[in-house]
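Okay, structure first, notes after.
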Amino acid sequence: MARQYDLVIVGGGWAGAVVAEEACRSGLRTLVLEKGETAGLIGSNVFYRPRASSIPSKRLPDPVQETFTLRHDSRSQSFPMRSLGAFLAGRGLGGAGLLWGGISARFHPHGFRSKSAYRVLLERPWAKDFDYSDWPIGYDDIEADYGWAEALLGVATTDGLPSERYPRSRPLPGKPIGMGRKAALLAEAASAIGLNVTEMPAAVSFEPYTNPLGITRGLNGRYGYSLATPLNTLWPAAAATGNLDVQTGHVHRILHQSGRATGVVYSDETGERRTVSSQFVALCGWTLNNVRLLLLSGIGTPYSPESGGRVGRFYANHIGASAQGFLPAPVREASSTNAAGWANSDFDPGDLSADHVGGARIHVPGLTNLWRESPTVPGDAPQWGAGWQEAIKAHAGRAANVGMLGEVVPHRHRYLDLDTTYRDAWGDPLLRLNFDWLDNDRRMVRKVGAKLDAILRQAGASVSKSGTELPDRYDTVHYTNSHATGGAVMGEDPATSVVDPDLQSWDARGLWVVGASAFPTSPAPNPTLTVIALARRAARALVRQSVGARMSETV
Ligand SMILES: Cc1cc2nc3c(=O)[nH]c(=O)nc-3n(C[C@H](O)[C@H](O)[C@H](O)COP(=O)(O)OP(=O)(O)OC[C@H]3O[C@@H](n4cnc5c(N)ncnc54)[C@H](O)[C@@H]3O)c2cc1C
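With my numbering, you'll find the sequence shown wraps up at 558, consecutive numbering, no jumps.
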């Protein structure tokens, strides 16, 4: 079969866009197959507020056609998740980069060394089945890529990493956007109880921003601010090279032969099955889709706690908990974006004398009632009729919310595999999440959540929902976050990892598996800045390999 493209990229979100820009600029003829809409989007400033109800259904996977299943342990029945609150995977060019909040924090240096950092705690009997490993790269290896990513996104604040200890290779671009009024009030309360507060680092601005690729992103007419998305940041630069071809196509298999990727099988817009061959494939479909496509394609050994294996192992995400309450008086909000908030990293890394492992970040969004399901009235107020109307009036503008993101510890029994019962609309097995909360998660939430409550109380607010609570069982029906990590992790050793430190598959050379699927652990900060930085690292390795291949072809 004649080779049509040098590179096929599966998925058009942040990971796919970074790889495409680097590859196209280096002269690789690149085809992007994206299962959602693709036409007429490049350069647009469109995005959707991160709340499921404001996102058009065409931008989210149709859970009737394709979803994942969940079971809490190997003795339970799995169920297909047909209503998604958390894990809002994106669909269409731009991916979840059109849904995200733009919070863009670096992982702190210890985040790449979790196993070493928590060694003392990992020796405790309750940590017996924890499956921690250090990353094969450290903070210093990725620092320059972080700097590049921040310049791309226009991130203007540092998130508490002291520059004397951790010098930056590039100055921060952009202008800080400041805090919303409620966030500022809660920041004052947090400082008063001894917590360090830093403005949220974010890919958001109140004026147009031109990135180092020369692409200017404008304001979104609906929301009045500008958010970096793959559409207004990277895709215009890739398209301008003339080497980019973007098509709507749903990839079903990665083709490989004798340990090398050779192309993909996909359904085109009309539903017809097609095969496209290429020298390289970059799988950029987001964590769950990356792992599923590897399993469906028979690339790498599937993991199970009984038999071992690699693909699906080290699955993690973030614990999301929040304290909610009501301020004594209404605060008229000045901000229009969640990014105008603050974060605190005092619990990241976690305390080594604690009864749990893992770091956590406290954060207050610039807007309340936007992405969390915050109450509009206290739980004990009447829920209907005149009493409810009175309560709504009395509490208008007073709702307050303090949240946390906690590291989910990889564990022998938390993993991804193919479901043995449920299939998608094309007849392929769905991905199964084997996951439930552990006591470790509850202990972390009890400790850090107490601070969330304390911040509200210090601000004079009531606490209508304590931050120390985690639901009895894990579910993805309510929004917490969409930060799934692991399953195709990077490592130095092909016996314990799925991809090498440049994210190239050990089992099918020429295949790059790019995204948070490569994270061996899930440090507390939001993942996307690290996804972008790692994608750049992977893309440069891919381009280096293609140049080497071209030179040997011409010799
Ligand atoms: C509501 C919300 C808020 C968020 N806020 C933040 C935040 O503030 N900060 C932060 O760091 N992170 C945030 N995130 C997470 C962030 O959006 C993701 O980490 C990031 O977008 C992942 O990029 P990606 O390219 O790996 O995947 P995606 O953006 O999901 O892109 C993958 C693309 O691949 C396509 N695809 C998948 N499978 C196939 C297939 N088989 N064939 C063809 N195409 C396929 C999908 O349609 C999709 O467009 C948020 C996420 C959500 C949903």
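Beta carbons: idealized from backbone N, C-alpha and C, even for Gly. Since the structure is predicted, the reported quantities are computational estimates derived from the model, not experimental observations.
Check: Can you find a heavy atom of ligand 1 that lies under 6 Å from the Cβ of K61?
Finding: For this step, residue 61 is matched to residue 58 along the sequence shown. Answer for K61: no, Cβ out of range of ligand 1.
Next item on the list: Tell me whether E126 sits in a helix, a strand or coil according to DSSP, three-state version.
Entry: Locating residue 126 in the sequence shown gives position 123, counting from the first residue. If DSSP states are grouped into helix, strand and coil, E126 belongs with coil.
Check: Taking C-beta to C-beta, are E410 and P526 nearer than 7 Å?
Finding: In the sequence shown, counting from the first residue as 1, residue 410 sits at position 407. In the sequence shown, counting from the first residue as 1, residue 526 sits at position 523. Closer than 7 Å, so yes.
Check: Below 7 Å between beta carbons: does that hold for P211 and G221?
Finding: On the sequence shown, position 208 is the one that residue 211 refers to. On the sequence shown, position 218 is the one that residue 221 refers to. A contact, by the Cβ cut-off of 7 Å.
Notebook entry, point to check: For A1 versus L455, is the C-beta spacing smaller than 7 Å?
Noted result: This structure leaves residue 1 out entirely; the chain is present only between 4 and 558.
Next item on the list: Decide yes or no for the touch test of the stretch 199-210 against the stretch 337-356: beta carbon pairs closer than 8 Å, at least 3 of them.
Entry: yes
Item checked: Cβ pair V492, P523 closer than 7 Å -> As a first step, residue 492 must be located in the sequence shown, where it is residue number 489. As a first step, residue 523 must be located in the sequence shown, where it is residue number 520. Closer than 7 Å, so yes.
Check: Across which residues does DSSP place R547 in a beta bridge pair?
Finding: In the sequence shown, the residue the question calls residue 547 occupies position 544. Its beta-bridge partners do not exist; DSSP assigns none.
Next item on the list: Return helix, strand or coil for N235, following the three-state DSSP convention.
Entry: Position 232 of the sequence shown holds residue 235. Three-state DSSP puts N235 in a helix.
Notebook entry, point to check: Would D9 be called buried (16 or more neighbouring beta carbons within 10 Å of its own) or exposed?
Noted result: Within the sequence shown, residue 9 is the residue found at index 6, counting from 1. Buried.
Checklist line | Own chain, CB closer than 6 Å to W507, minus 5 neighbours either side, in chain order | finding: As a position in the sequence shown, residue 507 is number 504, starting the count at 1. Trp is not the amino acid found at residue 507; the sequence shown has Gln there. For Q507, where only same-chain residues beyond five positions count, the Cβ hits under 6 Å are W515.
Margin query: From the DSSP secondary-structure annotation, give me the bridge partner or partners of N404.
Written below: Position 401 of the sequence shown holds residue 404. Note: N404 sits in a beta bridge opposite Q327.
Next item on the list: Indicate, with yes or no, if ligand 1 has a heavy atom lying under 6 Å from the CB of E37.
Entry: Working through the sequence shown from its first residue, we reach residue 37 at position 34. For ligand 1, at least one heavy atom lies less than 6 Å from the Cβ of E37.
Next item on the list: For N529, verify whether its CB is less than 6 Å away from any heavy atom of ligand 1.
Entry: Position 526 of the sequence shown, counted from the first residue, corresponds to residue 529. N529: yes, Cβ under 6 Å from ligand 1.
Notebook entry, point to check: Hey, would you say the C-beta of V501 is under 6 Å away from at least one heavy atom of ligand 1?
Noted result: Residue 501 sits at position 498 when you count from the first residue of the sequence shown. Not under cutoff, so the answer is no.
Next item on the list: Indicate the three-state DSSP secondary structure (helix, strand or coil) for Y142 in the structure shown.
Entry: For the purposes of this step, residue 142 is taken as residue 139 along the sequence shown, with counting starting at 1. Three-state result, Y142: helix.
Check: Are there 16 or more other CB atoms within 10 angstroms of the CB of H481, so buried, or fewer, so exposed?
Finding: Your numbering for residue 481 matches position 478 in the sequence shown. Looking at its Cβ environment, which holds fewer than 16 other Cβ atoms inside 10 Å, H481 is exposed.
Notebook entry, point to check: Regarding R94 and ligand 1, is the C-beta to nearest heavy atom distance less than 6 Å?
Noted result: Here residue 94 corresponds to residue number 91 of the sequence shown, with the count starting at 1. At least one heavy atom of ligand 1 is nearer than 6 Å to the Cβ of R94, so yes.
Notebook entry, point to check: Quick one: is T282 buried, meaning 16 or more other Cβ sit within 10 Å of its Cβ, or exposed?
Noted result: Numbered from its first residue, the sequence shown carries residue 282 at position 279. One point to set straight first is that residue 282 is Gln, not Thr, in the sequence displayed. It is buried - the Cβ of Q282 has at least 16 other Cβ atoms within 10 Å.
Item checked: Burial state of V550 (16 or more Cβ within 10 Å) -> The sequence position of residue 550 within the sequence shown is 547, counting from 1. By the neighbour-count rule (16 or more Cβ atoms within 10 Å), V550 is not buried but exposed.
Next item on the list: Could you give the DSSP three-state label for E191: helix, strand or coil?
Entry: Your numbering for residue 191 matches position 188 in the sequence shown. Helix at E191.
Notebook entry, point to check: In chain order, what residues of the same chain have a beta carbon less than 6 Å from the beta carbon of E24, not counting five sequence neighbours either side?
Noted result: Numbered from 1 along the sequence shown, position 21 holds the residue referred to as residue 24. Answer for E24: L237, A240, A241, listed in chain order.
Check: Should W289 be counted as a contact of ligand 1 given a C-beta to heavy atom distance under 6 Å?
Finding: Numbered from 1 along the sequence shown, position 286 holds the residue referred to as residue 289. Flag set: Cβ of W289 near ligand 1.
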